[in-house]
Amino acid sequence: MDKMGIMNGTLQSWLEKEIQGLKDAHLYKKPRILDSPAGGRVVMDGKEVINLSSNNYLGLANHPKVRQAALDAIERWGVGAGAVRWIGGTMKVHDELEERIAKFKKVESVLVFTGGFTANSGCIPAVLTKQDVVISDELNHASIIDGVRLSPAEYRKSEGWVYAHKDMDALEDCLKRAQERGFEKKMIITDGVFSMDGDIAPLPEIVALAEQYDAFVMVDDAHSSGVLGKNGAGTTSHFDLYGRVDIQLGTLSKALGVVGGYIAGSKELKEWLINRGRPYLFSTAHPPVVAAALIAALDVMENDPEPMNRLWDNTKKWKAMLAENGFDTMGSETPITPILFGDAKVAQEAERLLWEEGVYALSIVYPTVALGKARIRTMPSAAHTDEDLNDALQAFIRVRDKLGMTV
Ligand SMILES: *Cc1c(COP(=O)(O)O)cnc(C)c1O
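109 is the number that numbering that gives the first Met the number 0 gives to position 110 of the sequence shown; each next residue is one higher, with no gaps.
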């Protein structure tokens with residue numbers, strides 16, 4: 000018997016069958032291995048490529064000041080916190096990070112979780128009961144959907160609580176029905192920037208509707224943190240909605256370049272999540288080096304406009320270059336730049352050919368996006384040079400020619 004493998008035959012054959020199913024459906028994932036710091040050009044699977052798939056928007060993942068803060072923190076505190084946050088795992092540096100983020104976001108309080116995903120699964124079920132309803136945009140991120148599923152509130156699409164993407168009439172219809180049903184609390188939840196399309200939620204309209212129908216709003220700013228608003232403070236800042244968004248989620252894993260997620264809101268929200276946010280209660284605190292590196296990353300964001308300026312210069316340049324050459328970037332408004340290929344097989348072949356050309360960018364196909372809307376998702380960053388973007392464009396043009404596409 001192979002002691003390294005699975006003992007139970009039923010489980011083994013089920014796994015084999017399911018994995019084959021994924022392969023047959025072209026949905027099987029196998030990560031490429033990065034062996035250099037994150038950046039515009041990286042070494043992946045032993046090959047130098049232009050990376051257009053990273054969320055390291057500001058280049059902070061390998062910023063000299065952030066690296067140095069991390070090295071200093073290891074010298075001072077070692078590498079582990081040793082416990083969950085409330086059982087002695089909260090170090091001074093964790094506390095300092097939360098205060099720094101709260102100031103940055105202009106909110107009373109912030110609670111950090113180990114990731115954006117866990118911030119969603121910690122916060123959403125904690126603030127909802129079975130007397131409540133969740134009204135959700137149909138393109139919300141998987142971590143929102145999972146967080147909502149963990150809650151006892153009503154949320155199902157089949158019962159009419161998921162509205163068509165950014166459709167404010169549909170949202171208002173949900174709110175009217177929710178009011179008639181007499182739920183105790185009504186929560187509207189939306190991505191700030193949608194991760195597959197790169198478009199921005201109509202937050203001013205959402206907030207106005209929430210106020211009209213006595214609902215509260217939670218916005219997931221994972222892709223807007225470091226990208227939109229003052230110094231990258233997110234969509235609430237971008238739309239100047241200070242004091243009108245009840246719960247803001249941000250990630251520390253994308254533009255901030257390290258790892259983590261946080262919930263920003265009132266003092267009472269933080270108190271409640273310390274007592275009822277399960278990933279906070281039952282999962283070990285970040286290593287102190289994470290908190291220290293994040294404080295340094297915030298320092299850069301608040302004091303050096305250069306990375307964010309370069310991110311947006313590159314974003315505008317990249318979208319313009321693509322448009323001039325007839326590529327369809329699907330109305331995206333942020334660095335997330337989908338390039339439409341339509342058919343799933345064509346997009347997947349484009350991904351393979353791009354890799355051969357030295358460009359790493361992933362295809363996104365059904366069911367992640369609608370049928371016929373298969374795309375290559377690209378993300379320019381502050382770390383890309385003009386040469387990187389030009390080379391990447393030439394690769395896209397050659398790949399399009401090889402695929403025999405007209406435009
Ligand atoms: C990436 C992402 C998350 C998860 O954040 P992590 O810090 O990577 O766990 C949550 N929500 C949205 C919208 C995201 O894009």
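Just so you know, even glycine gets a beta-carbon here, dropped at the ideal spot from N, CA and C.
None of the values given here were measured: they were computed from a predicted structure.
First through last residue of the alpha helix (DSSP H) which encompasses residue i
i, result
"Tyr279", "277-281"
"Asn50", "Not the alpha helix (DSSP H): Asn50 falls in the beta strand (DSSP E), residues 46-50."
"Val299", "287-302"
"Leu310", "305-323"
"Ile100", "91-104"
"Thr336", "That residue, Thr336, is in no alpha helix (DSSP H); its beta strand (DSSP E) goes 336-341."
"Ile73", "63-76"
"Ile396", "385-401"
Contact test: residue i Cβ vs ligand 1 heavy atom, cutoff 7 angstroms
i, result
"Gly146", "no"
"Asp400", "no"
"Ala37", "no"
"His285", "no"
"Asn55", "no"
"Ser142", "yes"
"Asp190", "yes"
"Thr250", "yes"
"Lys253", "yes"
"Ser380", "no"
"Ala221", "yes"
"Phe395", "no"
"Ser194", "yes"
"Gly115", "yes"
"Gly231", "no"
"Gly260", "yes"
Same chain, Cβ closer than 6 angstroms to residue i, neighbours up to 5 away in sequence not counted
i, result
"Leu138", "His164, Phe193"
"Gly357", "Val48"
"Val368", "Met195"
Cβ shell of residue i (< 8 angstroms), same chain only, five flanking positions each side left out
i, result
"Gln347", "His25, Ser362, Val364, Ala373"
"Tyr27", "Ile18, Leu21"
"Gly88", "Ala80, Gly81, Ala82, Thr283, Ala284"
"Gly341", "Gly371, Lys372, Ala373"
"Glu98", "Val109"
"Leu353", "Tyr359, Ala360, Ile375, Ala394, Phe395, Val398"
"Leu149", "Ser120, Ile123, Pro124"
"Asp385", "Lys316"
"Lys318", "Thr328, Ser331, Thr336"
"Asp303", "none"
Sub-8 angstroms separation of residue i and residue j beta-carbons
i, j, result
"Gly228", "Leu255", "no"
"Ser108", "Gly264", "yes"
"Pro337", "Leu310", "no"
"Gly276", "Ala141", "no"
"Met320", "Leu392", "yes"
"Asp198", "Glu332", "yes"
"Ile49", "Tyr359", "yes"
"Leu127", "Val111", "no"
"Ala37", "Val288", "no"
"Met329", "Asp196", "yes"
"Ala214", "Leu272", "no"
"Gly191", "Ser223", "yes"
"Val78", "Pro278", "no"
"Asp298", "Lys105", "no"
"Asp479", "Arg40", "No answer is possible for residue 479: the residues shown for the chain start at 0 and end at 406."
"Val244", "Val206", "yes"
"Tyr261", "Ile100", "yes"
"Leu51", "Thr377", "yes"
"Leu202", "Thr234", "yes"
Residue i at chain D interface by Cβ criterion, 8 angstroms
i, result
"Glu95", "Among the chains in the structure shown there is no chain D, since it carries only a single protein chain."
Contact set for residue i: own chain, Cβ-Cβ below 7 angstroms, skip 5 residues either direction
i, result
"Ala177", "Val132, Ile134, Lys185"
"Ala169", "Tyr162, Ala163"
"Asp301", "A small correction: the amino acid at residue 301 is Glu; Asp does not occupy that position in the sequence shown. Excluding sequence neighbours, Glu301 sits near Phe103, Asn230."
"Ile32", "Met43, Asp44"
"Asn55", "Ala37, Gly256, Ser380, Ala382"
"Trp160", "Val132, Val133, Ile134, Ser135, Glu153, Tyr154, Cys173"
Closer than 7 angstroms: residue i CB and nearest ligand 3 heavy atom
i, result
"Asn119", "Judged by which ligands are present, ligand 3 is missing from the structure shown, whose ligands are ligand 1."
Beta strand (DSSP E) segment containing residue i, residue limits
i, result
"Ile375", "373-377"
"Leu21", "Taken as a continuous stretch (DSSP letters only), Leu21 belongs to no beta strand (DSSP E), being part of the alpha helix (DSSP H) at 8-23."
"Gln247", "246-250"
"Pro419", "There is simply no residue 419 to check, as the chain begins at 0 and stops at 406 in what is shown."
ask   = Does the count of Cβ pairs from the segment 115-124 and the segment 90-104 closer than 8 angstroms reach three?
value = no
query = Does the pairing of the segment 218-225 with the segment 243-258 give three or more beta-carbon distances under 8 angstroms?
reply = yes
ask   = With a cut-off of 8 angstroms, do at least 3 Cβ pairs link the segment 128-137 to the segment 179-195?
value = yes
ask   = If you pair each beta-carbon of the segment 294-306 with each one of the segment 152-162, do three or more pairs fall below 8 angstroms?
value = no
message = Tell me whether the segment 259-274 and the segment 55-62 touch, counting them as touching only if at least three CB pairs, one residue from each stretch, are closer than 8 angstroms.
response = no
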